[in-house]
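Please read the structure below before turning to the comments.
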Amino acid sequence: MANGKLIIFSAPSGSGKTTIVRHLLKTFPNQIEFSISATSRPKRGEEENAKDYYYLSIEDFKKKIDNKEFLEWEEVYAGNYYGTLRKEVERIWAKGKAVIFDIDVEGGLNLKNQFKGDALSIFVMPPSIKILEERLSSRSTDSPESIARRVAKAEKELKTAELFDCFILNEILEDALKKAEMVVSLFINKKAAQ
Ligand code: 5GP
């Protein structure tokens, strides 16, 4: 199958990328669709299988790695695997839509490397590490240990922002949403990939 387009949103956990991605899905429902990742981590809060993630056992996840079913995969946190299934991306391209991703920084850069001009990579920047920590605490779905791990990872990830095609500062959500709409609209309406 010929490659379609990919819109990659990466950012430290708690930067607000999920909010931005959800907004874009509502704004461009006929042109983009969310890539549901596979994960070996347990469900959190109100999450649903095949909507938020495909929840797999570690054994099944590893089997799919061996069968080369992933475009990219990673052990994002110790013992917790996340990955993008090739089949998932092809399912969305087959509908003539661009695929939008909410994935971590390494996975995002990995996809950009593979798909080059067919992919737009966007880094969502939190205003500061302190605000990021406050956002993670107020969402009250993570334990203090999990928050500490996410903050430590975020400090490293912020250094990679310049490797992305563009970045969006998420300080005032309204502004971040407008900028996201603009860059995504330009990309999906562009005739051929660069
Ligand atoms: P969470 O546990 O908060 O849902 O996700 C943890 C991190 O894993 C987030 O940064 C999220 O973007 C990332 N992630 C989700 N799906 C994938 C994926 O398919 N591949 C990679 N590399 N990271 C992912």
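Numbers 14 to 207, taken from this note's numbering, label the letters of the sequence shown in order.
Glycine included, every Cβ here is placed at the ideal spot set by N, Cα and C.
Keep in mind the model is a prediction, meaning the values are calculated, not measured.
| Query | Result |
| --- | --- |
| Taking just the CA atoms, how far does Ile-45 sit from Ile-144? | 30 Å |
| Taking the Cβ atom as the reference point for each residue, do Leu-84 and Leu-69 lie within a distance shorter than 9 Å? | no |
| With a CB to CB cut of under 8 Å and the five nearest residues on each side skipped, what residues in its chain are close to Lys-110? | Gly-17, Asn-43, Gln-44, Ile-45, Glu-46 |
| So, using beta-carbon positions, are Leu-19 and Leu-199 closer together than 9 Å? | no |
| Give the straight-line distance between the Cα atoms of Ala-206 and Val-112, rounded to the nearest whole angstrom. | Any reading at Ala-206 must be qualified, since the residue scores a pLDDT of 47, below 50, and its modelled position is unreliable; no value is offered. |
| Taking the straight line between their C-alpha atoms, what separation do you get for Val-137 and Gln-127? | 21 Å |
| Count the other CB atoms within 10 Å of the CB of Asp-115; is the residue buried (16 or more) or exposed (fewer)? | buried |
| Three-state secondary structure (DSSP) at Leu-209? | Not covered by the structure: residue 209. The range shown for the chain is 14 to 207. |
| Our contact map puts Arg-163 next to Asp-155 with C-beta atoms below 8 Å; I'd like the distance itself, whole angstroms only. | 7 Å |
| Using the Cβ count rule (16 or more neighbours within 10 Å means buried), how would you classify Leu-186? | exposed |
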